[in-house]
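Taking numbering that gives the first Met the number 0, I'd label the letters of the sequence shown as residues 0 to 237.
Let me begin by presenting the structure, written as structure tokens, before commenting on it.
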Amino acid sequence: MRGVFVTGTDTGCGKTHVAAALITVLRKAGLRVTAFKPIAAGARYCDGNLRNDDALALRAATGLGLHYGAVNPYCFEAPIAPHLAAAEAAVRIDPAVVVAALDDLDKTGDFVVAEGAGGWRVPLAPGLDIQALALTLRLPVVLVVGLRLGCLNHALLTEQAIRASGVPLSGWIGTQVDPAMQRMRENLQTLQALLHAPCLGVLTHPEAATVADCARPLVLDALLRPRRSGGYNRASKS
């Protein structure tokens with residue numbers, strides 16, 4: 000399966016916004032794109048079932064009418080760290096369940112956009128965190144950098160951790176989460192100079208008209224390029 004795993008510099012950095020934008024652009028490129036939010040903490044009951052707003056947004060972006068459980072196999076009510084939410088629900092997050100759910104999505108589309116929870120090292124269960132899950136899913140990573148004060152340190156540390164894990168990093172996407180961020184243009188220049196991965200785009204805040212010229216359209220050529228056999232990849236369709 001072709002796809003990407005979207006992770007971020009922190010909670011609330013704009014991962015879902017970016018993931019939905021990726022789905023939209025990939026669909027315009029002619030792909031049948033599925034969405035995957037394996038673990039979500041923070042949900043409300045709808046017709047007796049827990050539903051997470053981020054997972055619903057990704058599901059809607061695909062336009063495929065996917066069954067909710069196919070998109071989000073682990074959904075917890077409390078808006079807290081996933082391992083704590085799972086413990087309160089007396090559930091242990093099993094990576095085998097996540098892999099099986101992703102394999103089912105492989106039968107539905109050409110490309111999957113998977114979104115993590117929180118940042119790169121968020122714990123999910125004893126011995127399991129987002130990094131370990133990404134390694135298990137064997138999808139290249141796109142890093143979302145939440146553009147606000149502190150983003151330089153968070154972005155550099157996260158890129159370093161991703162590269163040390165051995166997971167391929169396809170690139171990073173900036174998303175302005177603080178409409179009043181100062182020196183945004185200069186921060187973007189610093190990120191481009193210090194991060195080794197390429198910038199795939201920048202999404203500015205709709206209320207920050209003064210930095211509208213900092214926006215850059217998503218360029219996903221690297222994500223669509225056919226992968227060489229023997230590389231870091233999941234088994235392809237037969």
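A virtual CB, placed ideally from N, CA and C, is assigned to each residue, including glycine.
Model, not experiment: these values are computed from the prediction.
My guess is that residue i and residue j are in contact by the Cβ rule of under 8 Å, so how many angstroms apart are they, rounded?
{"i": "Val166", "j": "Val140", "result": "5 Å"}
{"i": "Pro94", "j": "Thr135", "result": "5 Å"}
{"i": "Leu168", "j": "Glu158", "result": "7 Å"}
Quick check on residue i: does DSSP put it in helix, strand or coil?
{"i": "Thr174", "result": "strand"}
{"i": "Ser235", "result": "Only weak support is given to the placement of Ser235: the predicted model assigns it a pLDDT of 39, under 50, and the value that follows is read from those uncertain coordinates. Residue state, collapsed to three classes: coil."}
{"i": "Val218", "result": "coil"}
Given residue i, which residues of its chain have a CB within under 6 Å of its CB, disregarding the five upstream and five downstream residues?
{"i": "Ala54", "result": "Lys36, Ala39, Val70, Asn71"}
{"i": "Ser235", "result": "Summary for Ser235: the model assigns pLDDT 39, below 50, so the residue's position carries little reliability, and this model does not support an answer."}
{"i": "Ser228", "result": "Reliability of the predicted coordinates at Ser228 is poor, the pLDDT of 40 falling under 50, and no value is obtained from them."}
Enumerate in chain order the residues of its own chain whose CB-to-CB distance from residue i is below 7 Å, with the five nearest sequence positions on each side excluded.
{"i": "Ala116", "result": "Ile38, Ala39, Ala40, Pro81, Ile129"}
{"i": "Ala88", "result": "Phe75"}
{"i": "Ala56", "result": "Thr15, Ala19"}
{"i": "Val17", "result": "Val5, Val143, Ile172, Thr174, Leu202"}
{"i": "Leu127", "result": "Ile92, Pro94"}
Just to confirm the assignment: which complete alpha helix (DSSP H) runs, minimum length 4, are found wholly within the stretch 79-150? 81-87, 94-105, 129-136
Under 8 Å, with one C-beta from each stretch per pair, do the stretch 190-207 and the stretch 167-180 reach the 3-pair mark? yes
Assess contact between the stretch 60-75 and the stretch 29-44, defined as three or more Cβ pairs (one per stretch) separated by less than 8 Å. Is contact present? yes
At 3 residues or longer, what runs of the beta strand (DSSP E) sit wholly inside the stretch 6-90? 32-35, 38-40, 43-45, 48-50, 73-75
The stretch 42-53 touching the stretch 211-225, judged by at least three CB pairs closer than 8 Å: no
Segments assigned alpha helix (DSSP H), at least 4 residues, entirely inside the stretch 157-203: 183-193
Using 8 Å as the Cβ pair cut-off and three pairs as the minimum, do the stretch 149-161 and the stretch 0-12 touch? yes
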